[in-house]
Amino acid sequence: MVEPVPRAEVNASQAGPTSEAQALPHLRLGVLISGSGTNLQAIIDACESARLQAVEIALVVSNVAGAAGLQRALKHRLPAIYLPWREREEGERRLAALLELFRVDLVVLAGWMRILSADFLARFPRRVINLHPALLPDDPSADVYIASDGSAIPAFRGLHAVRQALEAGVRVTGSTVHYVTPAVDAGPVLCRAEVPIQEGDSEETLHERIKAVEHSLVIEAIERWRARELLELRRLSHSGGGPPQEG
Numbered sequence: 254m255v256e257p258v259p260r261a262e263v264n265a266s267q268a269g270p271t272s273e274a275q276a277l278p279h280l281r282l283g284v285l286i287s288g289s290g291t292n293l294q295a296i297i298d299a300c301e302s303a304r305l306q307a308v309e310i311a312l313v314v315s316n317v318a319g320a321a322g323l324q325r326a327l328k329h330r331l332p333a334i335y336l337p338w339r340e341r342e343e344g345e346r347r348l349a350a351l352l353e354l355f356r357v358d359l360v361v362l363a364g365w366m367r368i369l370s371a372d373f374l375a376r377f378p379r380r381v382i383n384l385h386p387a388l389l390p391d392d393p394s395a396d397v398y399i400a401s402d403g404s405a406i407p408a409f410r411g412l413h414a415v416r417q418a419l420e421a422g423v424r425v426t427g428s429t430v431h432y433v434t435p436a437v438d439a440g441p442v443l444c445r446a447e448v449p450i451q452e453g454d455s456e457e458t459l460h461e462r463i464k465a466v467e468h469s470l471v472i473e474a475i476e477r478w479r480a481r482e483l484l485e486l487r488r489l490s491h492s493g494g495g496p497p498q499e500g
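If you read the sequence shown in this note's numbering, its first letter stands for residue 254, the second for the next number, and so on.
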């Protein structure tokens, strides 16, 4: 059973677009988190300040009941749901139902610590993006990224990218926002930013500086996604064809 976070307030207008909203090029986000939600907060701040115009957070989902990011969402009166994730197939089924119920256009993985299956991603083609704390190349088959100073940096994929960058002794790392594909951290890149590694950096200090860069990078990624994808998504929706399916 999906367990709503206590005190979460969801009104009818947030569960689906009104006729007025359908006439506007609004972008409805679903933000998935597992932890503190600092990138979620950056998105909230951008929406409330109109840095992101015609964008709303339609739903926040966490697989961790005590995630601080859920409290961030509740503070800003956003629909926030704790979704237990005991078995992937069942979890994905419930997650897909929620995303469809709340008419989410774009799913942002902002510290979501679960891998999504190919079957799930096929239901939301080119509609799921992820922040990864490393520099990933444009070519998903490449194992090296060429930094702005010309140095070749290994493409650190997986859960411990920040630690791997320190252990490798590279001089620069960063963050990449990419489309999510079945291959982990190998989808097409939307945008990236470099972060110099300083002498004496620990995994914690470096990760904090990367997160500070991600707060603006995720906003850039959302804007780029809308420019590339939203009009086509709405055209297909209005024509009754649904989103394109990957072959």
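We treat Cβ as the ideally placed atom computed from N, Cα and C, and that holds for glycine. Just so it is clear, the structure is predicted and the values come from calculations on it, not from any experiment.
Just to confirm, are residue i and residue j a CB contact at a threshold of 7 Å?
{"i": "D325", "j": "G283", "result": "The question names Asp, but residue 325 in the sequence shown is Arg. No, these two residues do not count as a Cβ contact at 7 Å."}
{"i": "V361", "j": "I334", "result": "no"}
{"i": "G364", "j": "S302", "result": "no"}
Among the options, which residue has its Cα nearest to the Cα of residue i?
{"i": "G453", "options": "S469, V423, T429, T434", "result": "V423"}
{"i": "R330", "options": "L312, A303, A363, L412", "result": "L312"}
{"i": "A439", "options": "Q306, D392, E457, E345", "result": "D392"}
{"i": "D402", "options": "S455, V448, G344", "result": "V448"}
{"i": "H413", "options": "D372, L459, L443, C444", "result": "L459"}
{"i": "P390", "options": "P332, F409, W478, R380", "result": "F409"}
When DSSP labels each residue in this structure, what does residue i get in the three-state scheme?
{"i": "G364", "result": "coil"}
{"i": "I297", "result": "helix"}
{"i": "S315", "result": "strand"}
{"i": "A405", "result": "strand"}
{"i": "V466", "result": "helix"}
{"i": "I286", "result": "strand"}
{"i": "R347", "result": "helix"}
{"i": "E457", "result": "helix"}
From residue i to residue j, what does the alpha carbon distance come to, in whole angstroms?
{"i": "M426", "j": "P386", "result": "The residue you asked about is not Met; residue 426 is Thr in the sequence shown. Cα to Cα, the separation comes out at about 8 Å."}
{"i": "A375", "j": "P435", "result": "9 Å"}
{"i": "A418", "j": "W338", "result": "30 Å"}
{"i": "L431", "j": "G319", "result": "First, the residue type needs correcting, since residue 431 is His and not Leu in the sequence shown. H431 and G319: Cα-Cα distance of roughly 27 Å."}
{"i": "I399", "j": "E353", "result": "39 Å"}
{"i": "G344", "j": "A395", "result": "32 Å"}
{"i": "L470", "j": "F377", "result": "22 Å"}
{"i": "V433", "j": "K328", "result": "29 Å"}
{"i": "I475", "j": "E485", "result": "15 Å"}
{"i": "E467", "j": "Q294", "result": "11 Å"}
Considering only DSSP beta bridges, list what residue i is partnered with.
{"i": "V442", "result": "H431"}
{"i": "H385", "result": "T429"}
{"i": "E447", "result": "G427"}
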